[in-house]
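Worksheet for the structure shown next.
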Amino acid sequence: MIPTPTLSPMTLPLPLRAAILPALVATTFASAVLVKSASADPLPPSVDQPYPGTIQMKIDASDTARNIFRIQQSIPVKAGKLTLLYPQWVTAQHGPTGALHQLAGLKVSANGKPVAWKRDPLNVFAFQVDVPQGAKNLEVEYQHLSPNETGQGRIAMTPDILGIQWQSMTMYPAGYHVRRIPIQTTLTLPAGWQYGTALETASRQGDEVKFKTTDLETFIDSPLFAGRHFKQIDLDPGAKLPVRLNIVADTPEALEAKPEQIAAHREMVKQAYKLFDSQHYAHYDFLFALSDEFGGVGREHHQSSENGVKANYFTEWNKTEAVRTLLPHEFTHSWNGKFRRPKGQDVPNFNTPLDNNLLWVYEGQTQYWGQVLTARSGLAQQASVRDMIANMAATYANVQGRTWRPVVDTTNDPIISQRRPQVWPNWQRSEDYYSEGALIWLDVDTKIRELSGDKRSLDDFARVFFGVDNGVIQAKHYTFDDVVKALNGVQAFDWAPFLKKRVEETGPAPLDGLARAGWKLVYADKQTDFLKGVEDMSKTANFQYSLGFSVASDGKIAAIVWDGPGFKAGLSGNTTLVAVNGRAYKPELLRAAVTAATKDSKPIELLVKRGNDYRTVPLDYHGGLKYPRLERIEGTPDRLQSILQPRK
1 MIPTPTLSPM
11 TLPLPLRAAI
21 LPALVATTFA
31 SAVLVKSASA
41 DPLPPSVDQP
51 YPGTIQMKID
61 ASDTARNIFR
71 IQQSIPVKAG
81 KLTLLYPQWV
91 TAQHGPTGAL
101 HQLAGLKVSA
111 NGKPVAWKRD
121 PLNVFAFQVD
131 VPQGAKNLEV
141 EYQHLSPNET
151 GQGRIAMTPD
161 ILGIQWQSMT
171 MYPAGYHVRR
181 IPIQTTLTLP
191 AGWQYGTALE
201 TASRQGDEVK
211 FKTTDLETFI
221 DSPLFAGRHF
231 KQIDLDPGAK
241 LPVRLNIVAD
251 TPEALEAKPE
261 QIAAHREMVK
271 QAYKLFDSQH
281 YAHYDFLFAL
291 SDEFGGVGRE
301 HHQSSENGVK
311 ANYFTEWNKT
321 EAVRTLLPHE
331 FTHSWNGKFR
341 RPKGQDVPNF
351 NTPLDNNLLW
361 VYEGQTQYWG
371 QVLTARSGLA
381 QQASVRDMIA
391 NMAATYANVQ
401 GRTWRPVVDT
411 TNDPIISQRR
421 PQVWPNWQRS
431 EDYYSEGALI
441 WLDVDTKIRE
451 LSGDKRSLDD
461 FARVFFGVDN
471 GVIQAKHYTF
481 DDVVKALNGV
491 QAFDWAPFLK
501 KRVEETGPAP
511 LDGLARAGWK
521 LVYADKQTDF
531 LKGVEDMSKT
541 ANFQYSLGFS
551 VASDGKIAAI
561 VWDGPGFKAG
571 LSGNTTLVAV
581 NGRAYKPELL
591 RAAVTAATKD
601 SKPIELLVKR
611 GNDYRTVPLD
621 YHGGLKYPRL
631 ERIEGTPDRL
641 QSILQPRK
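Numbering follows full-length UniProt numbering, with no gaps: position 36 of the sequence shown is 36.
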């Protein structure tokens with residue numbers, strides 16, 4: 001999704017988010033007439049009072065041959081005008097990404113007779129209905145057409161796995177806070193499949209699962225993974241509040257985790273408890289898909305998370321270290337982003353716009369803690385996490401878009417671009433509040449340590465800010481001033497201008513925290529073993545910090561650095577590298593050419609193909625190969641080691 005090669009759950013080498021299709025398909029039915037009006041009808045204001053009745057919903061998810069979910073809803077109503085809403089804004093997605101384009105077959109009836117509906121022409125997520133006299137329930141029927149191909153969106157259903165994000169299945173009445181609307185759902189699964197979810201199960205008869213009634217907000221925030229091959233692992237044995245790893249996979253073999261692998265995941269839970277000193281859930285369920293077909297995902301929820309990686313996560317453990325930040329990242333979100341949420345995320349329903357201004361706290365600090373917990377738990381080696389930080393630092397030291405666009409403005413990207421591919425990502429920037437945000441919080445952490453003589457740290461902030469009201473599940477919202485106040489409670493300092501400078505201003509990447517941690521960013525002509533593994537996993541050859549671009553396995557040039565050597569030579573997207581100095585392109589050949597050019601004044605000659613045109617591009621670069629790594633600053637305290645050390 002984000003083309004810069006930072007190592008985060010949001011930048012795994014598989015697509016973690018589906019792009020939003022720009023067009024909708026309008027469907028008409030004999031029993032439902034779509035009528036356009038000259039102007040939009042205003043939505044009724046949401047009131048904070050109980051909805052009169054419980055929505056009954058049935059979902060048939062058994063059609064894995066065609067990836068179709070069939071939905072029926074019975075909504076208690078009274079006669080008069082009613083607006084049904086399809087969710088547009090979902091907190092964990094940070095933007096108006098509701099899958100309305102995958103809704104089809106909408107039919108509405110009452111008392112056994114068809115009822116006409118019309119879509120609001122300006123608010124296309126709103127459907128208006130005149131409920132007839134005497135009707136007590138509105139019967140609504142439709143389908144969610146889940147993608148069959150990756151070009152249609154993220155694959156959420158395969159012959160062996162399905163994932164349900166309830167917002168894609170649900171319509172709800174306008175005029176009420178969603179936390180006050182009760183809903184009871186019955187789900188039909190494929191024959192014999194098992195499932196994991198944070199929802200409470202009322203009963204299961206064969207392949208029909210009935211869930212306990214809950215409020216619509218909790219329901220939408222509690223997705224479900226199901227699969228033919230399923231395994232559940234207790235990550236906190238004997239605990240009062242269970243933490244479960246619910247695994248679905250392409251094959252039974254992919255489910256098999258070795259004892260030491262399970263131990264590292266259990267340690268991750270323990271280290272999170274030592275960090276946050278609280279729990280804000282009745283139980284926590286990791287939904288974890290190991291698949292080469294099911295779409296990759298990393299999405300937070302209050303009492304669960306959706307996580308999808310390749311099928312080799314356990315079976316080729318030595319190759320998957322880079323993706324092991326995913327579960328710690330999403331687990332951290334239970335505290336940061338779900339229990340503590342920015343005030344701008346306090347909205348009455350799923351069709352009210354979100355204010356993303358503080359995502360550099362919500363996601364940036366979560367990115368930081370995700371990497372820290374990965375090291376502290378042993379899910380990855382400390383040296384590997386240092387390499388992740390080096391890669392982040394090098395990325396933002398080379399993001400030319402920093403000269404015109406501050407990181408806070410990138411919090412608008414889920415709304416502006418909706419995670420569609422960008423033309424020049426190095427110049428446009430993307431959702432940099434994740435990884436650049438992590439660098440900012442490293443800056444804060446090391447500043448606290450420096451000012452306090454290493455007696456206090458960001459760990460103390462985590463305990464007082466996220467650990468408040470232990471046991472409370474209801475969200476507690478915060479403002480920028482609340483963050484500043486909590487930091488001052490840990491260590492007195494002028495935090496407001498410190499943070500605003502890094503978040504709101506343009507200029508060099510925020511690398512002060514790295515130096516304060518006792519390390520500096522350097523470049524070498526050879527990659528570290530960890531970053532070489534990342535390159536192999538992503539099947540790219542990374543020349544970002546030398547030639548200013550990367551090359552995919554098929555020779556396609558990507559991730560071009562704005563004003564870098566490749567850019568200045570005239571390279572752009574939709575270009576394939578065919579040959580280097582007259583010989584067919586191979587990564588090792590280009591590396592050798594870059595090395596040889598350090599002793600030769602002649603430019604490197606690239607034969608490239610763009611469209612149907614071939615041309616030779618002289619690349620006048622003689623600086624050698626450059627790969628990032630961290631190097632100790634002699635005579636300084638190694639605060640980074642202290643940060644990454646497990647807590648006793």
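The beta-carbon is built from N, C-alpha and C at its ideal position, and this holds for glycine as well.
Going by DSSP, tyrosine 368 is part of the alpha helix (DSSP H) stretching over 364-377.
For lysine 270, the three-state secondary structure derived from DSSP is helix. Under the three-state reduction of DSSP, asparagine 246 is assigned to strand. When secondary structure is reduced to three states using DSSP, methionine 169 falls in the coil class, being assigned neither helix nor strand.
For a cut-off of 8 Å, the C-beta gap from phenylalanine 294 to isoleucine 155 is around 6 Å, short enough to register as a contact. Checking the DSSP bridge columns, you'll see alanine 383 has no partner listed. Look at arginine 180 here: in three-state DSSP terms it is helix. Under the criterion of beta carbons closer than 8 Å, tyrosine 362 and proline 342 qualify as touching, at roughly 6 Å. Ranked by how close their Cα comes to the Cα of phenylalanine 549, the residues Thr201, Val269, Asn398 have Asn398 in first place. Within 10 angstroms of the beta-carbon of tryptophan 117 lie 16 or more other beta-carbons, which makes it buried.
The DSSP-derived three-state label of histidine 94 is coil. Valine 408 is classed as buried because its beta carbon has at least 16 other beta carbons within 10 Å across all chains shown. Straight across, the Cα-Cα distance linking serine 457 with isoleucine 55 is about 47 Å.
Straight-line measurement puts the Cα of leucine 373 at about 27 Å from the Cα of glycine 635.
If the five residues before and after proline 252 are omitted, its C-beta is found closer than 7 Å to the C-beta atoms of His229, all from its own chain and listed in chain order. Here threonine 325 really is in contact with glutamine 371; their C-beta atoms are around 6 Å apart, less than 8 Å. When rounded, the separation of the alpha-carbon atoms in phenylalanine 225 and threonine 170 is 17 Å.
In this structure, phenylalanine 461 and valine 490 form a Cβ contact; the two beta carbons are roughly 5 Å apart against a cut-off of 8 Å.
Here tyrosine 51 is buried, its C-beta having at least 16 other C-beta atoms within 10 Å. By the criterion of at least three beta-carbon pairs nearer than 8 Å, the stretch 476-490 is not in contact with the stretch 532-545. The alpha carbon of histidine 622 has as its nearest neighbour, out of Leu630, Ile604, Lys609, the alpha carbon of Ile604. In the three-state scheme derived from DSSP, where H, G and I count as helix and E and B as strand, asparagine 336 is classed as strand. Around the CB of threonine 185, 16 or more other CB atoms lie within 10 Å, so the residue is classed as buried. Excluding five sequence positions before and after tryptophan 335, the CB atoms of its chain that fall closer than 6 Å to its own CB belong to Phe276, Phe466, given in chain order.
Distance from the CA of serine 146 to the CA of aspartate 292, rounded to the nearest whole angstrom, comes to 17 Å. Pairwise C-beta distances place the stretch 124-137 out of contact with the stretch 202-218, as fewer than three of them are shorter than 8 Å. In the structure shown, histidine 477 falls within a strand segment according to DSSP collapsed to helix, strand and coil. Following the DSSP letters along the chain, one finds lysine 447 inside the alpha helix (DSSP H) bounded by residues 435-451.
Assignment of beta-bridge partners to methionine 388 by DSSP yields no partner.
Threonine 366 and alanine 61 have their C-alpha atoms roughly 33 Å apart. According to the DSSP secondary-structure assignment, arginine 204 is paired through a beta bridge with Val209.
Per the coordinates, the alpha-carbon of glycine 573 lies some 7 Å from the alpha-carbon of valine 423.
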